[in-house]
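**Student:** My questions all concern the structure below.
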């Protein structure tokens, strides 16, 4: 319904209800740009997350032959969690627009913190984390299952950075969700690529913090 689209995107698009084809083309162009922008933002911000995943694998002593299996389950879980996060966030933004200011402030804080700590070497001892200790003592889970759970836990934290950044490009939850998901689906291949050349990215933190 063109009238519904025109009212929903009135602040972004000037659609003429009498020019259906022209308005539809303009709307498609806007949605395409929004999707590509969201995809590139999520992909870029996810690069730093891959290095954290490498440290998690090392901390849990995961064999390289199990990397792909763990990543598959990790990505599947991330899709479910981000679906909930994105649509819940979109519902909140539609009712309380000022939440975007909080998201924006959090992004500035995260970027500044990453830039100031750019020269510090990151170390993760996942076995000492309270969540991991609880799973070991109470649930008696194996190392691969704990690795997947810990990756999901970290991805949820990372989502507080990347998802608000995509919401700054588009408020459409479907654009935000699918740009996130397709960016995440490409992380598995990117992980194995970066694992071999991780030491070459000297200015990664600077670039991500500026973005």
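Numbering (this note's numbering), first residue to last: 7 to 217. C-beta atoms are modelled at their ideal positions from N, C-alpha and C, and glycine is treated no differently.
Please name the residue in 166, 27, 177, 90 whose C-alpha comes closest to that of residue 111.
**Tutor:** In the chain shown, residue 111 corresponds to position 105, counting from 1. It is 166.
**Student:** Please report the distance separating the alpha-carbon of residue 38 from that of residue 148.
**Tutor:** On the chain shown, residue 38 is found 32 positions in, with the first residue counted as 1. On the chain shown, residue 148 is found 142 positions in, with the first residue counted as 1. C-alpha separation (whole angstroms): 43 angstroms.
**Student:** Could you check whether residue 179 and residue 47 sit closer than 7 angstroms to each other, using their CB atoms as the reference points?
**Tutor:** The residue you call residue 47 lines up with position 41 of the chain shown. The residue you call residue 179 lines up with position 173 of the chain shown. No, they are not a contact pair.
**Student:** Beta carbon of residue 40, beta carbon of residue 176: below 7 angstroms?
**Tutor:** Counting from 1 along the chain shown, the entry for residue 40 is found at position 34. Counting from 1 along the chain shown, the entry for residue 176 is found at position 170. In this structure, residue 40 places its C-beta atom within 7 angstroms of the C-beta atom of residue 176.
**Student:** Can you list, in chain order, the residues of its chain whose CB lies under 7 angstroms from that of residue 197, leaving out five sequence neighbours each side?
**Tutor:** The count along the chain shown starts at 1 and reaches residue 197 at position 191. Closer than 7 angstroms at Cβ, skipping near neighbours: 56, 59, 77.
**Student:** So, are the CB atoms of residue 185 and residue 44 less than 7 angstroms apart?
**Tutor:** Position 179 of the chain shown, counting from 1, holds the residue named residue 185. Position 38 of the chain shown, counting from 1, holds the residue named residue 44. For residue 185 and residue 44, yes; Cβs fall inside 7 angstroms.
**Student:** Does the separation of the CB atoms of residue 49 and residue 189 fall below 7 angstroms?
**Tutor:** As a first step, residue 49 must be located in the chain shown, where it is residue number 43. As a first step, residue 189 must be located in the chain shown, where it is residue number 183. Yes, these two residues count as a Cβ contact at 7 angstroms.
**Student:** Please specify which runs of the alpha helix (DSSP H), each continuous and at least 4 residues long, are wholly inside the segment 153 to 207, giving them in chain order.
**Tutor:** The segment 153 to 207 contains these whole alpha helix (DSSP H) runs: 179 to 191, 193 to 202.
**Student:** Please identify the residue among 75, 100, 191 whose C-alpha is closest to the C-alpha of residue 154.
**Tutor:** Within the chain shown, the letter at position 148 stands for residue 154. Of the listed residues, the one whose Cα sits closest to residue 154 is 75.
**Student:** In whole angstroms, what is the alpha-carbon distance linking residue 84 and residue 161?
**Tutor:** One-based indexing of the chain shown puts residue 84 at position 78. One-based indexing of the chain shown puts residue 161 at position 155. Spanning the two alpha carbons is a distance of roughly 7 angstroms.
**Student:** DSSP three-state call for residue 102: helix, strand or coil?
**Tutor:** In the chain shown, counting from the first residue as 1, residue 102 sits at position 96. Coil, per DSSP.
**Student:** Classify residue 69 as helix, strand or coil using the three-state DSSP reduction.
**Tutor:** Taking the chain shown and counting its residues from 1, the one referred to as residue 69 is at position 63. Three-state result, residue 69: coil.
**Student:** Alpha carbon to alpha carbon, how far is residue 152 from residue 80?
**Tutor:** Taking the first residue of the chain shown as 1, we reach residue 152 at position 146. Taking the first residue of the chain shown as 1, we reach residue 80 at position 74. Whole-angstrom Cα-Cα distance: 11 angstroms.
**Student:** Please classify residue 80: does DSSP put it in a helix, a strand, or coil?
**Tutor:** In the chain shown, counting from the first residue as 1, residue 80 sits at position 74. Of the three classes helix, strand and coil, the one that applies to residue 80 here is helix, per DSSP.
**Student:** Count the other CB atoms within 10 Å of the CB of residue 28; is the residue buried (16 or more) or exposed (fewer)?
**Tutor:** Numbered from 1 along the chain shown, position 22 holds the residue referred to as residue 28. Its Cβ having fewer than 16 others within 10 Å, residue 28 is exposed.
**Student:** Let me make sure I understand the geometry here. Which of 71, 51, 170, 164 has the alpha-carbon closest to that of residue 96?
**Tutor:** As a working note, residue 96 is residue 90 in the chain shown. Minimum Cα distance to residue 96 is reached at 170.
**Student:** DSSP three-state call for residue 148: helix, strand or coil?
**Tutor:** As a first step, residue 148 is located in the chain shown; it is residue number 142 there, counting from the start. In the structure shown, residue 148 sits in coil (DSSP, three-state: anything other than H, G, I, E or B).
**Student:** For a quick check, are the C-beta atoms of residue 52 and residue 200 less than 7 angstroms apart?
**Tutor:** The residue labelled residue 52 in the question sits at position 46 within the chain shown. The residue labelled residue 200 in the question sits at position 194 within the chain shown. Not a contact, by the Cβ cut-off of 7 angstroms.
**Student:** Does the Cβ of residue 102 have 16 or more other Cβ atoms within 10 Å, making it buried, or fewer, making it exposed?
**Tutor:** As a position in the chain shown, residue 102 is number 96, starting the count at 1. Under this definition residue 102 is an exposed residue.
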